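Residue numbers (my numbering), protein chains in the order written: chain L, 1 to 203; chain F, 1001 to 1203; chain Y, 2001 to 2203.
Below is the structure:
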């Protein structure tokens, strides 16, 4: 279990670091801005989760995450030197996987701390979306999570799928795989067919 | 004591969730934006307080708060479906009570962790205003706490009243009631008569 | 060691409180806005560091820091009443010292919690820059740390110097002094000769 967990988490961190770097590119930041934004996006959600669960912060306990963030942040820098066209399309797909990976990691880490299922679902969602929220607030953008296609709600539905599967007696690995699939498929479907929640306003 | 504490806290959470939802309405957010903003406003201040005091985060330890937030967030959604006029006037009054409730909860939770009175006053103020600050930063508004009528300063004065009453030997219940009254009355007075602190600037 | 640490930290807190107050002045905030911004700038970085290291938050454990923040916030208020000209030039120099002081404090506190050197360097940088980042996000400014002359990168290079000196067997005091000097000199040099990292963008 520990191993699969570790690799899930590293993959999510790498994908989010890439997305932070791309935002820094759009905003014409300097080399350090890239490091700040990539780190905030990649490890912000997990840091908040670990602080709230009162467990050791994952990247302090295991330096691998810090090095992964820095190396992943270099990928788009080098890519964009070699070719002016960055495959944003693939990035959105990778980002959907990152969201789903973080969601499952958050749920499992919360359950390992003996929280209720409702809190675990909240922790999965926070792990998935907080890094991106931080990135957007620092860059003074309208947070993606609050705007447009289904985003964070896919984490919540994935989390509910996890809870139902657990009630049905499935093993942790199957629960995780189910939550991962539900989250990824919902997010990819939302991107492809522009699924949106109704806007809540006066007219 | 535990009971009165619990109800104070639930009442504060509900009022702040309503205020977050109303901001989401003004900003024309979708269904999930409502959940994010309502939660950030309702449990942001208490979460920061509990992290800093190194006690279990209140809504993780007791899931009631999470359900209260979600249910309270539904109130304005349903209300605004039924009637286009939302009583913003009553909301400001309710918000003043929310601020004062959170202030007292923060002070008492800090004192229960054996902090000094100065730290307890800071914790009360943080519990009262941080949720709203978070709401405004996410929505890219000028934070209310930094602008306009007396707001956070009412928490500080309420906290000082608590400290004075404690020195005078009053029981916890009376100290809390006094701080609550001072905070609410100052805030309502500020709203009614537009009390402001002098602006600090060059002319 | 404890004593030198304490004074370093107090000096850093005072300088950052002054810088928060000056930002509040530019933004024409009221008296409480000054307190909020000065506190966020002065104790924000150290608070995040202590939360992540899971050690008692420094200003809760020792109320001196809170009083220092409030008193330091008064300095520019009184100064600007007496004279319309505030020596911004000296402020930038003092701010460079504040950055370097917080960097060394962060590194040493992390190492005292048995983190790896890479994590300690990250903690030093976070302690140095997070307060200012918070100040700029609250005021809806482009964060300084992401823009312009070398800023946070000076903390990282100072941290690497600390690590190299420690490997070479120098005592803690010498390591700290070296990191302090490297950070201050790089920052002052960047201010004087406008050193910048290359901007990362398409053209």
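Glycine included, C-beta positions come from ideal geometry on N, C-alpha and C. Please read these numbers as outputs of a predicted model, since none were measured by experiment.
Cβ distance (whole Å) where residue i is taken to contact residue j below 8 Å
| i | j | result |
| --- | --- | --- |
| residue 1009 of chain F | residue 1105 of chain F | 5 Å |
| residue 1180 of chain F | residue 1092 of chain F | The pair is not a contact, with the Cβ atoms about 17 Å apart (cut-off 8 Å). |
| residue 2029 of chain Y | residue 2022 of chain Y | Incorrect: roughly 11 Å between the Cβ atoms, too far for contact. |
| residue 2013 of chain Y | residue 2069 of chain Y | 6 Å |
| residue 2110 of chain Y | residue 2066 of chain Y | That pair is no contact at about 23 Å. |
| residue 1016 of chain F | residue 1163 of chain F | Residue 1016 of chain F to residue 1163 of chain F, Cβ: 25 Å. No contact. |
| residue 187 of chain L | residue 150 of chain L | 7 Å |
| residue 1979 of chain Y | residue 2113 of chain Y | Limits of chain Y in this structure are 2001 at one end and 2203 at the other, which puts residue 1979 of chain Y out of reach. |
| residue 19 of chain L | residue 95 of chain L | 6 Å |
| residue 108 of chain L | residue 5 of chain L | 7 Å |
| residue 2025 of chain Y | residue 2099 of chain Y | With a Cβ gap of about 21 Å, residue 2025 of chain Y and residue 2099 of chain Y do not count as contacting. |
| residue 152 of chain L | residue 1032 of chain F | 5 Å |
Coil, strand or helix - residue i by DSSP
| i | result |
| --- | --- |
| residue 151 of chain L | coil |
| residue 85 of chain L | coil |
| residue 108 of chain L | helix |
| residue 62 of chain L | coil |
| residue 1168 of chain F | coil |
| residue 2006 of chain Y | helix |
| residue 52 of chain L | helix |
| residue 79 of chain L | helix |
| residue 119 of chain L | helix |
| residue 2029 of chain Y | coil |
| residue 2057 of chain Y | coil |
| residue 16 of chain L | helix |
| residue 1174 of chain F | helix |
| residue 114 of chain L | coil |
| residue 1203 of chain F | Confidence at residue 1203 of chain F is low in this model, with a pLDDT of 42, below 50, so the placement of that residue should be treated as unreliable; the coordinate-derived value is given next. In this structure, residue 1203 of chain F counts as coil in the three-state DSSP scheme. |
| residue 2195 of chain Y | coil |
| residue 2187 of chain Y | helix |
| residue 2001 of chain Y | Legend: pLDDT at residue 2001 of chain Y = 49, less than 50; position of this residue unreliable, no value from coordinates given. |
Residues that residue i contacts on chain L, provided the C-beta gap is smaller than 7 Å
| i | result |
| --- | --- |
| residue 1063 of chain F | 116, 118, 119 |
Within chain F, the residues that residue i reaches when beta carbons sit closer than 9 Å
| i | result |
| --- | --- |
| residue 50 of chain L | None at all; the shortest Cβ gap to chain F is about 11 Å. |
| residue 2066 of chain Y | 1116, 1118, 1119, 1122 |
Chain L contact residues for residue i, given Cβ-Cβ distances below 8 Å
| i | result |
| --- | --- |
| residue 2190 of chain Y | Ordered by position in chain L, no residue passes the 8 Å Cβ test against residue 2190 of chain Y, which lies about 11 Å from the chain. |
| residue 1075 of chain F | Those within 8 Å of residue 1075 of chain F in chain L number zero; the least Cβ separation is about 13 Å. |
Under 7 Å by beta carbon: chain Y residues contacting residue i
| i | result |
| --- | --- |
| residue 41 of chain L | Those do not exist, as residue 41 of chain L stays about 13 Å from chain Y at its closest Cβ, beyond 7 Å. |
| residue 82 of chain L | Near residue 82 of chain L there are no residues of chain Y at all, since even the closest Cβ is about 13 Å away, more than 7 Å. |
Neighbouring residues, chain F, relative to residue i (Cβ below 7 Å)
| i | result |
| --- | --- |
| residue 2047 of chain Y | 1052 |
| residue 2057 of chain Y | 1052 |
| residue 2206 of chain Y | Outside the shown range of chain Y (2001 to 2203) lies residue 2206 of chain Y, about which nothing can therefore be said. |
Residue i: CB within 8 Å of a non-hydrogen atom of the ligand SAM
| i | result |
| --- | --- |
| residue 21 of chain L | Ligands in the displayed structure: none, and consequently the ligand SAM is not present. |
Chain-ordered neighbours of residue i on chain Y, where CB pairs are closer than 8 Å
| i | result |
| --- | --- |
| residue 182 of chain L | By Cβ distance, chain Y contributes nothing, its closest Cβ being about 32 Å from residue 182 of chain L, past 8 Å. |
inquiry  = Against chain L, which members of the region 2115-2139 of chain Y pass a CB distance test of less than 7 Å?
reply    = Of all residues in the region 2115-2139 of chain Y, only 2115, 2116, 2118, 2119, 2122, 2137 come within less than 7 Å of chain L when Cβ atoms are compared, listed by chain position.
request  = Pull out every residue of the region 2144-2174 of chain Y whose Cβ sits closer than 7 Å to any Cβ of chain F, in chain order.
outcome  = Taking 7 Å as the cut-off between beta carbons, none of the residues of the region 2144-2174 of chain Y comes near chain F.
query = Just checking, does the region 29-49 of chain L make contact with the region 65-77 of chain L on the three C-beta pairs under 8 Å criterion?
reply = Contact check between the region 29-49 of chain L and the region 65-77 of chain L: three or more CB pairs, one atom from each, fall below 8 Å, which counts as touching.
query = In chain order, what residues of the region 9-34 of chain L put their CB closer than 9 Å to some CB of chain Y?
reply = Along the region 9-34 of chain L, the positions whose C-beta sits under 9 Å from a C-beta of chain Y are 21, 24, 25, 26, 27, 28, 29, 30, 31, 32, 33, 34, read in chain order.
ask   = How about the region 2046-2066 of chain Y and the region 2121-2139 of chain Y: do they share at least three Cβ pairs that are nearer than 8 Å?
value = Touching, per the Cβ criterion.
inquiry  = Taking contact to mean 3 or more Cβ pairs, one atom from each stretch, closer than 8 Å, check whether the region 146-166 of chain L and the region 176-193 of chain L are in contact.
reply    = Between the region 146-166 of chain L and the region 176-193 of chain L, the count of Cβ pairs shorter than 8 Å is three or higher; the stretches touch.
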